[in-house]
Amino acid sequence: MELPISFTDRMQRLLGPEYKDFLAALQQPSPVSIRLNKAKFAGQPALVRVPWASHGYYLPERPSFTLDPLLHAGAYYVQEASSMFLEQALRQAVDLGQPLQVLDLCGAPGGKSTHIASLISKESLLVSNEVIRSRASILAENIMKWGAGNVLVTSNDPRDFGKLPNFFDVMVVDAPCSGEGMFRKDVQAISEWSDENVNLCAQRQQRILMDVWEALKPGGVLVYSTCTWNEQENEQNIAWLADQEQAESIRLNLEPAWGAVPTELNGVEGYRFYPHRVQGEGFFMAVVRKAGASGDTLTGKSRKKKYKLNRAGKKEQALVQDWLLEPDRFEWVQHGDVISALPAHLFEAADEVYQQLYVVYAGIEVAEVKGKKLKPLQGLALSQHLHREAFAKEELSLEQALRYLRKEDISVGGQGSNWLLLTYQDLALGWAKQVGNRLNNYYPKEWRIRMELPQDLPEPLLL
Ligand SMILES: C[S@@+](CC[C@H](N)C(=O)[O-])C[C@H]1O[C@@H](n2cnc3c(N)ncnc32)[C@H](O)[C@@H]1O
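Heads up: the sequence shown begins at 1 in full-length UniProt numbering, then just goes up one per residue.
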């Protein structure tokens, strides 16, 4: 691995005598880790735990994740371990038992968002945003697979969040960065690195922080992170923000065995993750609190107006409401032919988001209604709130599941004309429709596995 000279100079200055251990660690393969979705997978795998994340696990080697139906069912997310440190920031700096409005500003592909969704209460709302449209679709896919139901996926520029002043209790800004911490995983990051790019990234991060700061409530918590090591994009930026906005640094308790390194600039503390100290990639995180008390502002809920969300008609609602567990906990909304469900107590806040932002996916997309024809949607199949008993089910073998996920025609026997929920290891994968003795595959085309299946299928990961 050939590293840019200026990068090695910087790292030598930062690490001193530890530099040679750091360099040696960069030559090692990246550790592989996953985070379980406990709402879908109750088992305890016999794997080594990521010590700072309650459901994070290391794998001994990288399996073919694509060929594991449980990944597609949202039973786990493949996430590098250092990033899971977000859990400590949220557990230590925020009262997660409270109903919270949380923003994940730079959300795609969804590692932090799915983690946040597992940590916040059911009464909380997560707005998971990604400015780049194509990446927002991938984010929506991963949010759907996780299946929480209290998430809105938006695709907006950070400056659009100025239209939601004092709206969020918590904001996570996992900023686009120069990616030094990804060098061993992604060699392209090395060729794209330059001093100039570091400067550009640092300036962009400042712009992002300034643009979005307005949307944080007084007393609210901002978690800032990057996957890079240089001080410009890390300590200097967060100290700059704290200075501009009189934000208060929040100190986190660290177990020495974790290996994270605390740093400090102008009274603002941050945490560094280096590959020679931690089993994970390079990472930086800092947490600050906005000045003021949370009761200082109204969130805008009082100035009520015309709703942007359309409530579904009683007739349409009656057709699909039994498809969710606890249907009374939801508001049913309709856009075009699509009926979705949003947790009822989040309706006002969700509407506020709809008024101001471009929403890609919201709550649970339940069904498409065309006249008398009803089609259950993928968001429903993968939802943690699906009422499974409302549907006929068919459990698939590993090969059948993979063929279904490739959007091939599969046959499960049977007759008639009804919707089937296809499962693997009892976890829902999606829908098929029995038409006579044929089965129509309704797996979303854009999500299908493109890889050819090998002769010998690998053992599924968590079994
Ligand atoms: C480090 S990645 C986020 C990873 C994500 N948080 C996760 O855990 O899966 C940074 C994201 O910021 C997005 N991004 C790029 N330019 C941006 C900008 N100017 N403002 C906000 N986000 C931006 C990128 O598209 C990318 O998805």
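Think of the CB as a built atom: it goes at the ideal place given N, C-alpha and C, for glycine as much as any other residue.
- Message: Under DSSP, the beta strand (DSSP E) around His55 begins and ends at which residues?
- Response: Along the sequence shown, read from residue 1 onward, the residue named residue 55 stands at position 55. Premise fails: His55 is in no beta strand (DSSP E) and is neither H nor E.
- To which residues of the same chain is Ser6 closer than 7 Å at the C-beta, ignoring the five residues directly before and after it? Locating residue 6 in the sequence shown gives position 6, counting from the first residue. Closer than 7 Å at Cβ, skipping near neighbours: Asp195.
- Message: Going by DSSP, what residue range makes up the alpha helix (DSSP H) through Asn197?
- Response: Position 197 of the sequence shown, counting from 1, holds the residue named residue 197. Per DSSP, Asn197 belongs to the alpha helix (DSSP H) from Asp195 to Trp213.
- Query: Can Ser121 and Gly97 be called in contact, C-beta distance under 8 Å?
  - Reply: The residue given as residue 121 occupies position 121 in the sequence shown. The residue given as residue 97 occupies position 97 in the sequence shown. Yes; because the gap between Cβ atoms is below 8 Å, this pair is in contact.
- Cα separation between Ile143 and Ala362? Residue numbering aside, residue 143 sits at position 143 when the sequence shown is read from its first letter. Residue numbering aside, residue 362 sits at position 362 when the sequence shown is read from its first letter. Approximately 10 Å, taken between the alpha carbons.
- Message: With a threshold of 7 Å (Cβ to nearest heavy atom), would Lys163 be considered close to ligand 1?
- Response: Stepping through the sequence shown from its first residue, residue 163 is reached at position 163. Checking every heavy atom of ligand 1 against the Cβ of Lys163, none is found closer than 7 Å.
- Item | Reduced DSSP secondary structure (H/G/I, E/B, other) of Asn142 | The residue labelled residue 142 in the question sits at position 142 within the sequence shown. In the structure shown, Asn142 falls within a helical segment according to DSSP collapsed to helix, strand and coil.
- Is Glu130 near ligand 1, going by C-beta to nearest heavy atom under 7 Å? In the sequence shown, the residue the question calls residue 130 occupies position 130. Correct: Glu130 has its Cβ closer than 7 Å to ligand 1.
- Message: Three or more C-beta pairs under 8 Å: does that hold for the stretch 369-382 against the stretch 335-351?
- Response: In short, these stretches touch, since the Cβ pair count reaches three.
- Extent of the continuous alpha helix (DSSP H) to which Met1 belongs: Here residue 1 refers to the residue found at position 1 when the sequence shown is read from its first residue. Taken as a continuous stretch (DSSP letters only), Met1 belongs to no alpha helix (DSSP H), as it is neither H nor E.
- Message: For Leu200, count the other beta carbons within 10 Å of its own beta carbon; 16 or more makes it buried, fewer makes it exposed. Which is it?
- Response: Along the sequence shown, read from residue 1 onward, the residue named residue 200 stands at position 200. Exposed is the call here.
- If you compare alpha carbons, which of Lys40, Ser30 and Arg35 is closest to Asp426? As a working note, residue 426 is residue 426 in the sequence shown. Minimum Cα distance to Asp426 is reached at Lys40.
- Message: Could you check whether Ala75 and Leu462 sit closer than 8 Å to each other, using their CB atoms as the reference points?
- Response: The residue labelled residue 462 in the question sits at position 462 within the sequence shown. The residue labelled residue 75 in the question sits at position 75 within the sequence shown. In this structure, Ala75 lies closer than 8 Å to Leu462 by Cβ.
- Task: Please look up how many angstroms separate the CB atoms of Ile138 and Ala175, rounded, as I've assumed it's under 8 Å.
- Result: For the purposes of this step, residue 138 is identified with residue 138 of the sequence shown, where counting begins at 1. For the purposes of this step, residue 175 is identified with residue 175 of the sequence shown, where counting begins at 1. In fact, because the Cβ distance is near 18 Å, the residues do not count as touching under 8 Å.
- Outcome for Gln378 when other beta-carbon atoms lying within 10 angstroms are tallied against a minimum of 16: As a position in the sequence shown, residue 378 is number 378, starting the count at 1. Result: buried.
- For Leu374, name the three-state secondary structure that DSSP assigns. Within the sequence shown, the letter at position 374 stands for residue 374. Leu374: strand per DSSP, three-state reduction.
- Query: Would residue 481 be called buried (16 or more neighbouring beta carbons within 10 Å of its own) or exposed?
  - Reply: Not covered by the structure: residue 481. The range shown for the chain is 1 to 463.
- Message: Quick check on Asn310: buried or exposed, where buried means 16 or more other Cβ atoms within 10 Å of its Cβ?
- Response: On the sequence shown, position 310 is the one that residue 310 refers to. That one is exposed.
- Task: Please specify which runs of the beta strand (DSSP E), each continuous and at least 3 residues long, are wholly inside the stretch 88-119, giving them in chain order.
- Result: 101-104
- Could you pull the start and end residues of the alpha helix (DSSP H) that Ile449 belongs to? Indexing the sequence shown from 1 puts residue 449 at position 449. Here Ile449 belongs to no alpha helix (DSSP H), and DSSP marks it neither H nor E.
- Could you please give the first and the last residue of the uninterrupted beta strand (DSSP E) stretch that includes Val320? Against the sequence shown, residue 320 aligns to sequence position 320. It is not in any beta strand (DSSP E) - Val320 instead sits in the alpha helix (DSSP H) that spans Lys314 to Val320.
- For the beta strand (DSSP E) that Ile339 lies in, which residues bound it at each end? For the purposes of this step, residue 339 is identified with residue 339 of the sequence shown, where counting begins at 1. Start and end: Val338 to Pro343.
- Query: Based on Cα-Cα distance, which residue from Glu394, Tyr443 and Gln434 lies nearest to Arg406?
  - Reply: Taking the sequence shown and counting its residues from 1, one reaches residue 406 at position 406. Nearest of Glu394, Tyr443 and Gln434 to Arg406, Cα basis: Tyr443.
- Message: Assuming the contact rule is C-beta atoms closer than 8 Å, Ala349 and Gln188 should be a hit. Round their C-beta distance to whole Å, please.
- Response: For the purposes of this step, residue 349 is identified with residue 349 of the sequence shown, where counting begins at 1. For the purposes of this step, residue 188 is identified with residue 188 of the sequence shown, where counting begins at 1. Not confirmed; about 39 Å, so no contact.
- Query: According to the neighbour-count rule (16 or more other Cβ atoms, all chains shown, within 10 Å of its Cβ), is Val223 buried or exposed?
  - Reply: Position 223 of the sequence shown, counted from the first residue, corresponds to residue 223. With 16 or more Cβ atoms within 10 Å of its Cβ, Val223 is classed as buried.
- Task: Can you give me the Cβ contacts of Ala390 inside the same chain, cut-off strictly under 7 Å, excluding the 5 residues immediately before and after it?
- Result: As a working note, residue 390 is residue 390 in the sequence shown. For Ala390, where only same-chain residues beyond five positions count, the Cβ hits under 7 Å are Asp322 and Trp323.
- Task: Using only the heavy atoms of ligand 1, determine whether one of them is closer than 7 Å to the beta carbon of Gly107.
- Result: On the sequence shown, residue 107 is found 107 positions in, with the first residue counted as 1. Within the cutoff, so yes.
- Do Gln27 and Met1 have their C-beta atoms closer together than 8 Å? Here residue 27 refers to the residue found at position 27 when the sequence shown is read from its first residue. Here residue 1 refers to the residue found at position 1 when the sequence shown is read from its first residue. Their beta carbons are under 8 Å apart, which means Gln27 touches Met1 by this criterion.
- Straight-line Cα distance separating Gln206 from Leu325: Working through the sequence shown from its first residue, we reach residue 325 at position 325. Working through the sequence shown from its first residue, we reach residue 206 at position 206. Each residue's alpha carbon lies about 44 Å from the other.
- Contact test: Cys201 Cβ vs ligand 1 heavy atom, cutoff 7 Å: The sequence position of residue 201 within the sequence shown is 201, counting from 1. No - ligand 1 has no heavy atom lying nearer than 7 Å to the Cβ of Cys201.
- Query: Ends of the alpha helix (DSSP H) at Ile190?
  - Reply: Within the sequence shown, the letter at position 190 stands for residue 190. If you look at Ile190, you'll find it in the alpha helix (DSSP H) that goes Gln188 to Glu192.
- Where do the ends of the alpha helix (DSSP H) carrying Ile238 lie? Position 238 of the sequence shown, counting from 1, holds the residue named residue 238. Per DSSP, Ile238 belongs to the alpha helix (DSSP H) from Glu235 to Glu245.
- Item | From Gln356, Ala293, Pro343 and Arg277, residue whose alpha carbon lies closest to that of Tyr307 | Numbered from 1 along the sequence shown, position 307 holds the residue referred to as residue 307. Comparing Cα-Cα distances from Tyr307 to each of Gln356, Ala293, Pro343 and Arg277, the minimum goes to Gln356.
- Can you name the start and end residues of the alpha helix (DSSP H) that Gln355 belongs to? Position 355 of the sequence shown holds residue 355. Phe347 to Gln356 is the span of the alpha helix (DSSP H), which, as asked, contains Gln355.
- Taking the DSSP output, what are the residues bridged to Thr154? Taking the sequence shown and counting its residues from 1, one reaches residue 154 at position 154. Thr154 is bridged to Asn129 and Val359.
- Query: If you draw a straight line from the alpha carbon of Asn150 to that of Leu342, how long is it in whole angstroms?
  - Reply: Position 150 of the sequence shown, counted from the first residue, corresponds to residue 150. Position 342 of the sequence shown, counted from the first residue, corresponds to residue 342. If I take the Cα positions, the gap works out to 7 Å.
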